[in-house]
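Asker:
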Amino acid sequence: MFGISHKSGFAMATVSQDGTKQIQGQVICRAMSNSNTPAPENDARYIALIVQAAYVNLAVRNLLVLACTKSIQIYEPDGTTLLHIHMIDKTPPSRTESSIYSRGIAGIDPNILCVGNHQGEILMFSIPPKGSNIFLRETTPAHQYGISGLVSNGTLLVSSDTRGAILIWNNRTLLQTNTIEPMDDSGITSLSIWKNCIAASYANG
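For the sequence shown, our numbering gives the first residue as 3, with consecutive numbering after it.
This is the structure we're talking about:
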């Protein structure tokens with residue numbers, strides 16, 4: 003499956019291994035009011051824009067996750083069924099972030115979905131094998147600045163923020179094991195892990 007996001011939409015395509023068959027679809031972010039109820043799709047106050055989209059393969063099931071400016075939206079992989087919406091809390095007075103967003107998506111086997119947010123928190127959702135009984139299991143205050151990336155290799159969970167810090171976590175214990183300090187004030191724009199090698203790009207180029 004392949005996909006691309008633009009504003010509030012996520013377009014996807016499923017292509018067979020031999021390339022002869024292709025199925026296309028589209029998911030539009032649900033607009034939700036402050037009371038966590040559906041809002042008019044044309045009401046600019048509640049329109050959510052997609053910051054990041056990812057297919058997450060957990061041991062219990064596969065998911066399509068949209069990290070948006072106002073919410074986290076979890077779908078079946080084909081995008082036809084919305085399973086869960088989690089509204090993002092507004093920035094408290096003690097924080098300096100001016101925008102509300104979720105960013106950074108990673109799965110921890112067998113059934114934990116991790117998503118970062120603008121407050122530097124890692125939200126951990128419990129995912130059932132079937133159905134929509136998805137709930138927020140834990141919120142970990144991880145970074146002093148907004149999360150910019152989350153990746154996992156099955157053993158480690160790695161998180162980065164908008165100031166350039168990288169934290170390394172143990173997948174099993176969810177305890178922090180190491181820190182890579184920022185080189186300067188440039189935030190991390192992209193984060194990846196291959197085996198035990200971490201690759202990050204910075205806003206300073």
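Quick reminder that beta carbons are idealized off the backbone N, C-alpha and C, glycines included.
1. So what's D45 in DSSP terms, helix, strand or just coil?
2. Name, in chain order, the residues that DSSP records as bridge partners for N64.
3. Quick check: D111 and L60, are their CB atoms within less than 8 Å of each other?
4. Taking 8 Å as the cut-off, does the region 8-18 touch the region 42-52 (at least 3 CB pairs, one atom from each stretch)?
5. Can you pull the DSSP bridge partners for L177?
6. Specify, as a first and last residue, the run of the beta strand (DSSP E) that T191 falls within.
7. Which partner residues of T39 appear in the DSSP bridge assignment?
8. Are I170 and T179 touching if we call contact CB-CB under 8 Å?
9. Just grab the DSSP bridge partners of L138 for me.
10. Where does Y77 sit, in a helix, a strand or coil, going by DSSP?
11. Please report the Cβ distance between I107 and K72, rounded to the nearest whole angstrom; I am assuming they are in contact, meaning their Cβ atoms lie under 8 Å.
12. Exposed or buried, which one is R105 when buried takes at least 16 other CB atoms within 10 Å?
13. Do you know offhand how far G166's Cα is from V160's?
14. So, helix, strand or coil for Q54, using DSSP?
Answerer: So, from the data block:
1. Here the question's residue 45 lines up with position 43 in the sequence shown. D45 falls in the coil class under three-state DSSP.
2. Locating residue 64 in the sequence shown gives position 62, where the first residue counts as 1. Answer by DSSP bridge pairing, in chain order: N59.
3. Taking the sequence shown and counting its residues from 1, the one referred to as residue 111 is at position 109. Taking the sequence shown and counting its residues from 1, the one referred to as residue 60 is at position 58. Closer than 8 Å, so yes.
4. yes
5. By one-based count along the sequence shown, residue 177 stands at place 175. According to DSSP, which records beta bridges pairwise, L177 is partnered with nothing at all.
6. Working through the sequence shown from its first residue, we reach residue 191 at position 189. Element bounds for T191: I190 to W196.
7. Numbered from its first residue, the sequence shown carries residue 39 at position 37. Answer is none; T39 lacks a bridge partner.
8. Walking along the sequence shown from the start, residue 170 turns up at place 168. Walking along the sequence shown from the start, residue 179 turns up at place 177. Their beta carbons are under 8 Å apart, which means I170 touches T179 by this criterion.
9. Here residue 138 is taken as the residue at index 136 of the sequence shown, counted from 1. F127.
10. To locate residue 77, count along the sequence shown from 1; it is residue 75. DSSP places Y77 in strand when its eight states are reduced to three.
11. Counting from 1 along the sequence shown, the entry for residue 107 is found at position 105. Counting from 1 along the sequence shown, the entry for residue 72 is found at position 70. Going by Cβ atoms, the distance from I107 to K72 rounds to 16 Å, so no, they are not a contact pair.
12. Position 103 of the sequence shown, counted from the start, is the residue given in the question as residue 105. When all chains shown are included, R105 counts as buried.
13. Here residue 166 refers to the residue found at position 164 when the sequence shown is read from its first residue. Here residue 160 refers to the residue found at position 158 when the sequence shown is read from its first residue. If I take the Cα positions, the gap works out to 13 Å.
14. As a position in the sequence shown, residue 54 is number 52, starting the count at 1. It is a strand residue.
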